[in-house]
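If you're matching them up, the sequences are chains L and C in order.
Residues in the first sequence are numbered from 1 upward in steps of one, following full-length UniProt numbering.
Residues in the second sequence are numbered from 1 upward in steps of one, following full-length UniProt numbering.
Glycine included, C-beta positions come from ideal geometry on N, C-alpha and C.
Some notes on the structure that comes next.
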Amino acid sequence: MSSAHTGASPPARRLPLHWLGILPFAAFVTLFLILPTMKIVVGAFQTPDGSFTLDNIQGLFTPSILAAYWISIKISIASALLGCLIGFAVSSAVVFGGLPKWIRGPLLTFSGVASNFAGVPLAFAFLATLGPVGILSVFLRSELGVDLRALGFNLLSFWGLTVTYLFFQIPLMILIITPALDGLKREWREAAEILGATGLQYWRMVAFPILLPSILGTLALLFANAFGAVATAIALTGSSLSIVPILLFAQIRGDVLGNPHLGYALAFGMIVVTGLANAIYIWLRARSERWLK
Amino acid sequence: MRKIWAWGALLFGILYFTLPLVGMTNFSLKMRRGEYSFDAYAKVFGDPRFQETFTYSVAQALFTIVFGILLVVPTAYWVRLKLPRLRPYIEFVTLLPLVIPAIVIVFGYIRLYNTSSWLPLTGSAFGTDILLMFGYATLALPYMYRAVDTGLRTIDVATLTEAAQSLGAGWATILARIILPNALVAVLSGAFLTFAIVIGEFTMAALLNKPAFGPYMQLLGANRAYEPAALAVIAFGITWGCLGLIQLVSRFQKSAPPKA
């Protein structure tokens, strides 16, 4: 009787105590992360008086909003692709290129800083560099006779924003891909060489397939990163370029769309896009971890 | 051949990253016509709005850090000690702020905690300050939680807890005097990162109408020419300083165990 009692009572007593420990955390996350997001998601499917509707979602498919999504997606894809490419080049140069060992530490530290240097100051830095009277624009015009403006380059445009976003995209790629490159084991290369593979064959048939999930995953992450960036875009373009985050910002500020619940739908669309991109990232990262520990 | 290519890639990277920094520094020094001067910096530092907004953001950052530590350290500790099976889920939740854009989160706040709601946080200045701090804590959660959790991995949480308990320590004592000092380096790096995030944050503060540093920078950027560049240099300096401090404390940790 007593043994049955001691066998049964500990779980009954331990269980509530255990859960209590994360209660503050759970409460905080529910109130300030989950509920606000749910409010947006649910609001996207509601009319102002609270009944269910798909009109808001349908409202997204108007030419002006679709155009905003499209240009946002284009900028995010361009800056993610270029960021991946350049970041990979820089990272592999440091890992495999036979560069001095001491370069690595400062490069990674700097990448940590630069990937956090987004927002308003970043926009100022690029205005001072590539803006109409920026240091590089003036230099190119006066020394080389190249007028960026005449060539159609404008910082407040698709390419201008892409070039600016690259300033935090490339370092993020370097930060994530360098450990993956380190994970390529020397033995794999040696094994490939013993079997008679050339350097190109090793890369094409061994290293690249192993790295592919990491690269694609980071691509998705960079895409989401660019898609959610608000501050840089606003500081750079004011509201002259109609991308989704700017449109949403204006909507929250002053209901520019004329329908409060269309704002919910706009935000819901953002969650869907970044959520999808991040899901791809998480899935691919889990796959790549099988090889790269 | 491979080396030339590698140097080329590195050189391109260096050029890409130094040019904007050189550009903004150069621009920030050119306020006086024809010569370099610190006029723009003097203007910025002399501006009472700068002092106000900067102080406000620093205070917000400090409160966010304290709140973040109080929230994250006990949770990460408890999960490691008692609920290890929950770890993947907690980790997933802490990464959500990276998935949901900040502008969406703050939009939710505005709709959920407006004056006519059950918790009218946006109704008063103090309430909005609190709400903004919670928002910052949410934004910093992924970094803070990861830093602390990684820090706890290096110490034997279970043994330390049992030892402390057998000496008669309660939970508060264990957390404050055993766990926190042992994970201090990790907590500090989370704190510095939080500081860097909060100081430059724009979206939340702007949409909650708070006089923070980020919106001030944006406002100045829309109206002035040289001061914004000076502000960008200052902001970059702060980010650089915070990340430098993280490096410093983690180096301190590596050299600490042999000494102790």
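Can you tell me which residues form a DSSP beta bridge with residue i?
| i | result |
| --- | --- |
| Gln46 of chain L | L:Phe52 |
Check for me: the alpha helix (DSSP H) holding residue i runs from which residue to which?
| i | result |
| --- | --- |
| Glu187 of chain L | Arg186 to Ile194 |
| Asp182 of chain L | Phe158 to Gly183 |
| Glu143 of chain L | Ile135 to Glu143 |
| Ala197 of chain L | First-last for Ala197 of chain L: undefined, no H or E at that position. |
| Pro63 of chain L | Pro63 to Phe96 |
| Trp7 of chain C | Arg2 to Ser28 |
| Asp39 of chain C | Asp39 to Gly46 |
| Ala125 of chain C | Ala125 to Arg153 |
| Met31 of chain C | Run containing Met31 of chain C: none; DSSP gives neither H nor E here. |
| Val157 of chain C | Val157 to Ser166 |
| Thr117 of chain L | Before going further, note that residue 117 of chain L is Phe rather than Thr in the sequence given. Phe117 of chain L -> no alpha helix (DSSP H), and no H or E assigned at all. |
| Pro24 of chain L | Leu23 to Val29 |
| Gly170 of chain C | First-last for Gly170 of chain C: undefined, no H or E at that position. |
| Ser189 of chain C | Leu184 to Gly200 |
| Thr203 of chain C | Thr203 to Leu207 |
Could you list the residues in the segment 91–111 of chain C with a C-beta less than 9 Å from some C-beta on chain L, going in chain order? Phe92, Val93, Thr94, Leu95, Leu96, Pro97, Leu98, Val99, Ile100, Pro101, Ala102, Ile103, Val104, Ile105, Val106, Phe107, Gly108, Tyr109, Ile110 and Arg111
Which residues, taken in chain order from the segment 111–123 of chain C, show a beta carbon closer than 9 Å to some beta carbon of chain L? Arg111, Leu112, Tyr113 and Leu119
Report yes or no: do the segment 194–209 of chain L and the segment 115–133 of chain L share at least 3 C-beta pairs separated by less than 8 Å? no
Would you call the segment 93–105 of chain C and the segment 49–59 of chain L touching, i.e. three or more CB-CB distances under 8 Å? no
What residue ranges within the segment 66–112 of chain C form continuous alpha helix (DSSP H) runs of no fewer than 4 residues, ordered along the chain? 87–99 and 102–112
Give, in chain order, every residue of the segment 226–253 of chain L whose Cβ lies closer than 8 Å to some Cβ of chain C. Phe227, Gly228, Val230, Ala231, Ile234, Ala235, Gly238, Pro245, Leu248, Phe249, Ile252 and Arg253
I'd like the ranges of any beta strand (DSSP E) spanning at least 3 consecutive residues and lying wholly in the segment 221–256 of chain C. none
Which residues of the segment 208–222 of chain C have a Cβ closer than 8 Å to any Cβ of chain L? Give them in chain order. Gly214, Met217, Gln218, Gly221 and Ala222
Which ranges would you report for the alpha helix (DSSP H) in the segment 195–265 of chain L if only whole runs of at least 4 residues count? 199–202, 208–227, 231–237 and 244–254
Contact between the segment 214–223 of chain C and the segment 170–183 of chain C (3+ Cβ pairs under 8 Å): no
Indicate whether the contact test is met: 3 or more Cβ pairs, each with one atom in the segment 78–85 of chain L and one in the segment 165–174 of chain L, closer than 8 Å. yes
Name the residues in the segment 124–143 of chain C whose C-beta lies less than 9 Å from a C-beta of chain L; which are they? Leu131, Phe134, Gly135, Ala137, Thr138 and Leu141
Does the contact criterion of 3 or more C-beta pairs under 8 Å hold for the segment 136–156 of chain L versus the segment 225–245 of chain L? yes
Pull out every residue of the segment 179–202 of chain L whose Cβ sits closer than 9 Å to any Cβ of chain C, in chain order. Gly199
For the segment 160–186 of chain C, which residues have a beta carbon sitting closer than 7 Å to at least one beta carbon of chain L? none
Using a beta-carbon distance cut-off of less than 7 Å, what residues from the segment 146–157 of chain L approach chain C? none
Of the residues that make up the segment 14–47 of chain C, which ones have a beta carbon closer than 8 Å to any beta carbon in chain L? Tyr16, Phe17, Leu19, Pro20, Leu21, Val22, Gly23, Met24, Asn26, Phe27 and Ser28
Kindly confirm or deny that the segment 129–137 of chain C and the segment 193–204 of chain C touch, where touching means at least three C-beta pairs closer than 8 Å. yes
With a threshold of 8 Å, are at least 3 pairs of Cβ atoms found where one atom belongs to the segment 204–212 of chain C and the other to the segment 159–168 of chain C? no
Count the CB pairs spanning the segment 207–227 of chain L and the segment 252–269 of chain L that are closer than 8 Å, and state whether there are at least three. no
Could you tell me whether the segment 9–16 of chain C touches the segment 90–100 of chain L, using the rule of 3 or more Cβ pairs below 8 Å? yes
Is it a yes or a no for the segment 65–81 of chain L touching the segment 223–233 of chain L, going by three-plus beta-carbon pairs under 8 Å? yes
Three or more C-beta pairs below 8 Å linking the segment 27–45 of chain C and the segment 219–228 of chain C: yes
Pull out every residue of the segment 228–251 of chain C whose Cβ sits closer than 7 Å to any Cβ of chain L, in chain order. Pro228, Ala229, Leu231, Ala232, Ala235, Phe236, Thr239, Trp240, Leu243 and Gln247
Taking only beta carbons into account, state which residues of the segment 22–42 of chain L come closer than 7 Å to chain C, listed in chain order. Ile22, Pro24, Phe25, Phe28, Val29, Phe32, Leu33, Leu35, Pro36, Thr37, Lys39 and Ile40
With contact counted as at least three CB pairs below 8 Å, one residue from each stretch, are the segment 20–28 of chain L and the segment 66–83 of chain C in contact? yes
Using 8 Å as the cut-off, can you tell me whether the segment 27–46 of chain C makes contact with the segment 228–237 of chain C, which would need three or more C-beta pairs spanning the two stretches below that distance? yes
Three CB pairs or more closer than 8 Å across the segment 263–273 of chain L and the segment 28–44 of chain L: yes
Touch test, the segment 32–49 of chain C against the segment 103–123 of chain C, Cβ-Cβ under 8 Å, three pairs minimum: no
Quick test of the definition: if touching needs 3 or more C-beta pairs under 8 Å, does the segment 100–119 of chain L touch the segment 239–251 of chain C? yes
Closer than 7 Å, Cβ to any Cβ of chain C: which residues of the segment 264–276 of chain L, in chain order? Ala267, Met270, Ile271, Thr274 and Gly275
Could you say if the segment 78–88 of chain C and the segment 146–161 of chain C meet the contact criterion of at least three C-beta pairs nearer than 8 Å? yes
Which residues of the segment 118–129 of chain L have a Cβ closer than 9 Å to any Cβ of chain C? Give them in chain order. Ala118, Gly119, Val120, Pro121, Leu122, Ala123, Phe124, Ala125, Phe126, Leu127, Ala128 and Thr129
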